[in-house]
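Participant: Handing you this structure, nothing more for now.
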Amino acid sequence: RRVHGDTIMARVPIHGLFNALAREMLPLIDLMRAAPASGTDPRLLTFSSRMRLLSPLIGSETKSKLLQQMLARTACTDSYPEIRASRVRAARQLLNFTNQGETLYAQISSALKSKDAIRQIRQNERAWKINFSGEQAIDAGGPYRESITYMAQEFEAECGLFQLVPNGRLGQGLNQGMHMPIPRYASPDQLEYYRFAGRLLGISIRTKFALPLSLAPFLWRALLGAELTKADLASIDKATVSALELVESAEGIDAESFGEVFMETFTTVLSDGSTVELCPGGANKALTYENRAEYVRLAIAAHIHAYDAQIDAMREGLASIVPLPLIQGLFDEASVERLVCGEPELNIDTLKGHTVYGDGISSSDQHVTWFWEVLAEMDPINQAKYLKFVWGRTRLPNEPASYQHKIAGFGGSLESLPVSHTCFFTLDLPAYRSKETLRTKLQIAIDSCQTIDGDGSTATFEEYQ
Numbered sequence: 002r003r004v005h006g007d008t009i010m011a012r013v014p015i016h017g018l019f020n021a022l023a024r025e026m027l028p029l030i031d032l033m034r035a036a037p038a039s040g041t042d043p044r045l046l047t048f049s050s051r052m053r054l055l056s057p058l059i060g061s062e063t064k065s066k067l068l069q070q071m072l073a074r075t076a077c078t079d080s081y082p083e084i085r086a087s088r089v090r091a092a093r094q095l096l097n098f099t100n101q102g103e104t105l106y107a108q109i110s111s112a113l114k115s116k117d118a119i120r121q122i123r124q125n126e127r128a129w130k131i132n133f134s135g136e137q138a139i140d141a142g143g144p145y146r147e148s149i150t151y152m153a154q155e156f157e158a159e160c161g162l163f164q165l166v167p168n169g170r171l172g173q174g175l176n177q178g179m180h181m182p183i184p185r186y187a188s189p190d191q192l193e194y195y196r197f198a199g200r201l202l203g204i205s206i207r208t209k210f211a212l213p214l215s216l217a218p219f220l221w222r223a224l225l226g227a228e229l230t231k232a233d234l235a236s237i238d239k240a241t242v243s244a245l246e247l248v249e250s251a252e253g254i255d256a257e258s259f260g261e262v263f264m265e266t267f268t269t270v271l272s273d274g275s276t277v278e279l280c281p282g283g284a285n286k287a288l289t290y291e292n293r294a295e296y297v298r299l300a301i302a303a304h305i306h307a308y309d310a311q312i313d314a315m316r317e318g319l320a321s322i323v324p325l326p327l328i329q330g331l332f333d334e335a336s337v338e339r340l341v342c343g344e345p346e347l348n349i350d351t352l353k354g355h356t357v358y359g360d361g362i363s364s365s366d367q368h369v370t371w372f373w374e375v376l377a378e379m380d381p382i383n384q385a386k387y388l389k390f391v392w393g394r395t396r397l398p399n400e401p402a403s404y405q406h407k408i409a410g411f412g413g414s415l416e417s418l419p420v421s422h423t424c425f426f427t428l429d430l431p432a433y434r435s436k437e438t439l440r441t442k443l444q445i446a447i448d449s450c451q452t453i454d455g456d457g458s459t460a461t462f463e464e465y466q
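Once you know that position 131 of the sequence shown is 132 in this note's numbering, the rest is easy, because the numbers rise by one and skip nothing.
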């Protein structure tokens, strides 16, 4: 419906007053008592539920300030834990997956699963300090960030916890590049890994560390406790929904011929290839023309709830790190995804606006101008490589004020490669004499230096384990 401009302008002061009142009231409201915002008669809602319904009208700045206040109040003030893990053991699983317990996320999850450790990682700067077995890097921030980036890479690999959605595997429908949990991963150890994944989401919100994950909107809606529907299922598995709609409509098929076309029982195949019964004894119950509506209803429910155990574990992990009722009450799934994952592509202007320069180098120097041109001309994959090279992460946080990129001068040979200091988000840039030389040297650096370690390591094979 079209709204006249004058009407919109008249509403602006009302919106401003509402947000001013919301800033005062929200800290006093118990959002844990808020019912889900969808499908509820507003006349029967509690005050907290009404505020949840009105959350789209609350400005993002108001929401962000309240969240930051709550994170500050609930942060742990103890020192963060120090852990040890082997990237060599983890790398074997990336190359040839045989043992989930050897992945980096499994090693770190095991080291941080005690109640004390979970409390200690509830920090707003960084969650832990890590020593990589056999490596010389000193963790002033870089190895910590790299440990999280590495685990995010594992999560969506063959050795990980998330698989490409069916739409992606079949090349149809929405969200083809997105991932969902694996339904058959339901052992106690695997559910603990999902809890740890949820804690990582919370750590990302607390520390403003953008996790490079591609998780489907279905998962974010489920984490927030939204009521999921057939449309949510179609957003990740269009083929299953289309097939079930064909069964239900039975267009052009009568009761006599139905059994010749659909020779099914009350079972269904989930997204990970596992088969489940839709009801007790479903493997022995034939699908018929008369019971097809029941079959479709049960099958859709089975697919929607196939991920319940894994998402429940993730939600439990998330709630152990951040005030989940506040997030559920004020933020929608797209906002939470941005809080956790940031923006998937690098905004050069934003990075340039938050860059400072060391002594003897300035933004007007020719080789600095070339640097920004080269970075802007890179594709998103190589831009992410640059961020990992210089900062140990592949995405910028949502809040630019939370970081500062530095370009410093370089006193060595012009034949040298650029040098990064990942703990301090700093690049030492030689004053190359041509743009193409700078492009070549920078590309070699970001391609060759994708892990943080010291030079001249003399560790034995056993020390890496």
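Beta carbons: idealized from backbone N, C-alpha and C, even for Gly.
Can you give, in chain order, each stretch of the alpha helix (DSSP H) that sits fully within the segment 118-173 and has at least 4 residues?
Facilitator: Listed in chain order, the complete alpha helix (DSSP H) runs (minimum 4 residues) inside the segment 118-173 are 143-156 and 167-171.
Participant: Exposed or buried, what is residue 255 when buried is set at 16 or more other beta-carbons lying within 10 Å of its beta-carbon?
Facilitator: Position 254 of the sequence shown, counted from the first residue, corresponds to residue 255. The residue in question, residue 255, is exposed, as its Cβ has fewer than 16 Cβ neighbours within 10 Å.
Participant: Given 8 angstroms as the limit, is there contact between the segment 246-266 and the segment 358-376, that is, 3 or more CB pairs closer than that?
Facilitator: Flag = no, the segment 246-266 and the segment 358-376 do not touch.
Participant: Given a cut-off of 9 angstroms on the beta-carbon distance, is the pair residue 310 and residue 192 in contact?
Facilitator: As a position in the sequence shown, residue 310 is number 309, starting the count at 1. As a position in the sequence shown, residue 192 is number 191, starting the count at 1. Yes, the Cβ-Cβ distance between residue 310 and residue 192 is below 9 angstroms.
Participant: Considering only residues of the same chain and omitting the five flanking positions on each side of residue 199, which have a CB-CB separation below 7 angstroms?
Facilitator: As a position in the sequence shown, residue 199 is number 198, starting the count at 1. Within the same chain, residue 199 has close Cβ partners 314, 315, 316, 317, 318 and 319.
Participant: Can you confirm whether the segment 218-228 touches the segment 149-157 when touching is taken to mean that 3 or more C-beta pairs between the two stretches lie within less than 8 angstroms?
Facilitator: Because the criterion of three Cβ pairs below 8 angstroms is not met, the segment 149-157 and the segment 218-228 do not touch.
Participant: Assign residue 5 to one of three DSSP states: helix, strand, or coil.
Facilitator: Counting from 1 along the sequence shown, the entry for residue 5 is found at position 4. Three-state result, residue 5: coil.
Participant: Return yes when the Cβ of residue 67 is within less than 9 angstroms of the Cβ of residue 327, no when it is not.
Facilitator: On the sequence shown, residue 327 is found 326 positions in, with the first residue counted as 1. On the sequence shown, residue 67 is found 66 positions in, with the first residue counted as 1. Contact: yes.
Participant: Does any residue of chain B have a CB that is nearer than 9 angstroms to the CB of residue 396?
Facilitator: As a matter of chain content, chain B is missing from the structure shown, which is built from one protein chain.
Participant: If you run the structure through DSSP and keep just helix, strand and coil, what is residue 290?
Facilitator: If you number the sequence shown from 1, residue 290 lands on position 289. Reduced to three states, the DSSP call for residue 290 is coil.
Participant: Distance, Cα to Cα, residue 402 vs residue 355?
Facilitator: On the sequence shown, residue 402 is found 401 positions in, with the first residue counted as 1. On the sequence shown, residue 355 is found 354 positions in, with the first residue counted as 1. Cα-Cα distance, rounded: 8 angstroms.
Participant: Would you decide whether residue 391 is buried or exposed? Buried here means 16 or more other CB atoms lie within 10 Å of its CB.
Facilitator: Taking the first residue of the sequence shown as 1, we reach residue 391 at position 390. Buried: at least 16 other Cβ atoms inside 10 Å.
Participant: Could you say if the segment 152-162 and the segment 179-188 meet the contact criterion of at least three C-beta pairs nearer than 8 angstroms?
Facilitator: In short, these stretches touch, since the Cβ pair count reaches three.
Participant: Measuring alpha carbon to alpha carbon, tell me which of 406, 305 and 414 ends up nearest residue 516.
Facilitator: Any property of residue 516 remains undetermined from this structure, which presents the chain solely from 2 to 466.
Participant: With a CB to CB cut of under 6 angstroms and the five nearest residues on each side skipped, what residues in its chain are close to residue 16?
Facilitator: Here residue 16 corresponds to residue number 15 of the sequence shown, with the count starting at 1. Here the set comprises nothing.
Participant: Check residue 106 in the structure and name its three-state DSSP category.
Facilitator: Against the sequence shown, residue 106 aligns to sequence position 105. Three-state result, residue 106: helix.
Participant: DSSP beta-bridge partners for residue 278?
Facilitator: By 1-based counting over the sequence shown, the position of residue 278 is 277. Paired residue(s): 268.
Participant: Would you list the residues sitting across from residue 421 in a DSSP beta bridge?
Facilitator: The count along the sequence shown starts at 1 and reaches residue 421 at position 420. BP columns for residue 421 point to 428.
Participant: Measuring straight from C-alpha to C-alpha, what distance separates residue 95 and residue 112?
Facilitator: Position 94 of the sequence shown holds residue 95. Position 111 of the sequence shown holds residue 112. C-alpha separation (whole angstroms): 20 angstroms.
Participant: Quick one, which of 349, 257, 186 and 126 has its alpha-carbon nearest residue 273's?
Facilitator: As a position in the sequence shown, residue 273 is number 272, starting the count at 1. It is 186 whose Cα lies nearest to the Cα of residue 273.
Participant: Tell me whether residue 211 is buried or exposed, calling it buried when 16 or more other Cβ atoms sit within 10 Å of its Cβ.
Facilitator: Walking along the sequence shown from the start, residue 211 turns up at place 210. Result: buried.
Participant: Using C-beta distances below 6 angstroms, list every residue in its chain close to residue 374, excluding the 5 sequence neighbours before and after it, in chain order.
Facilitator: Counted from its first residue, the sequence shown places residue 374 at position 373. Taken in chain order, the list of residues that qualify is empty.
Participant: Tell me which residue opens and which closes the beta strand (DSSP E) that residue 84 is part of.
Facilitator: Your numbering for residue 84 matches position 83 in the sequence shown. 83-86 is the extent of the beta strand (DSSP E) around residue 84.
Participant: By Cβ distance, which residues of its chain are closer than 8 angstroms to residue 301, with the 5 residues on each side in sequence left out?
Facilitator: Translated into the one-based positions of the sequence shown, residue 301 becomes position 300. Result list for residue 301: 231, 234, 242 and 245, in chain order.
Participant: Could you tell me the distance, in whole angstroms, from the CA atom of residue 19 to the CA atom of residue 47?
Facilitator: Counted from its first residue, the sequence shown places residue 19 at position 18. Counted from its first residue, the sequence shown places residue 47 at position 46. Distance between the alpha carbons of residue 19 and residue 47 is about 18 angstroms.
Participant: For residue 459, which residues in the same chain have their Cβ closer than 7 angstroms to its Cβ, ignoring the five residues on either side in sequence?
Facilitator: For the purposes of this step, residue 459 is taken as residue 458 along the sequence shown, with counting starting at 1. At residue 459, the pLDDT of 43 sits below 50, so the modelled position is not reliable; the number obtained from the coordinates is stated separately. No residues qualify anywhere along the chain.
Participant: Spatial neighbours of residue 9 within its chain, please: C-beta separation below 8 angstroms, excluding the five flanking residues on both sides.
Facilitator: Along the sequence shown, one-based indexing puts residue 9 at 8. Excluding sequence neighbours, residue 9 sits near nothing in its chain.
Participant: Under the DSSP definition of a beta bridge, which residues are partnered with residue 202?
Facilitator: Position 201 of the sequence shown, counted from the start, is the residue given in the question as residue 202. In DSSP, residue 202 forms no bridge with anything.
Participant: Could you spell out the range, first to last residue, of the beta strand (DSSP E) harbouring residue 407?
Facilitator: Here the question's residue 407 lines up with position 406 in the sequence shown. Here the beta strand (DSSP E) through residue 407 covers 406-409.
Participant: Quick check on the DSSP output: what are the complete beta strand (DSSP E) runs of length 3 or more inside the segment 281-362, in order along the chain?
Facilitator: Whole beta strand (DSSP E) segments, 3+ residues: 356-358.
Participant: What are the partner residues of residue 182, as DSSP defines its beta bridges?
Facilitator: Position 181 of the sequence shown holds residue 182. For residue 182, which the question treats as bridged, DSSP gives the partners 163.
Participant: In whole angstroms, what is the alpha-carbon distance linking residue 324 and residue 125?
Facilitator: Translated into the one-based positions of the sequence shown, residue 324 becomes position 323. Translated into the one-based positions of the sequence shown, residue 125 becomes position 124. Their Cα atoms are separated by approximately 13 angstroms.
Participant: By how many angstroms is the C-alpha of residue 395 removed from the C-alpha of residue 157?
Facilitator: Here residue 157 refers to the residue found at position 156 when the sequence shown is read from its first residue. Here residue 395 refers to the residue found at position 394 when the sequence shown is read from its first residue. Looking at the two C-alpha atoms, the distance is approximately 15 angstroms.
Participant: Spell out the partners DSSP gives residue 216 in its beta bridges.
Facilitator: Reading the sequence shown from its first residue, position 215 is the one you call residue 216. In DSSP, residue 216 forms a bridge with 180.
Participant: Does the beta-carbon distance from residue 128 to residue 206 come in below 9 angstroms?
Facilitator: Translated into positions along the sequence shown, residue 128 becomes position 127. Translated into positions along the sequence shown, residue 206 becomes position 205. For residue 128 and residue 206, no; Cβs fall outside 9 angstroms.
Participant: Mapping the DSSP letters down to three states, classify residue 413 as helix, strand or coil.
Facilitator: Start at 1 with the first residue of the sequence shown, and residue 413 comes out as number 412. It is coil, neither helix nor strand.
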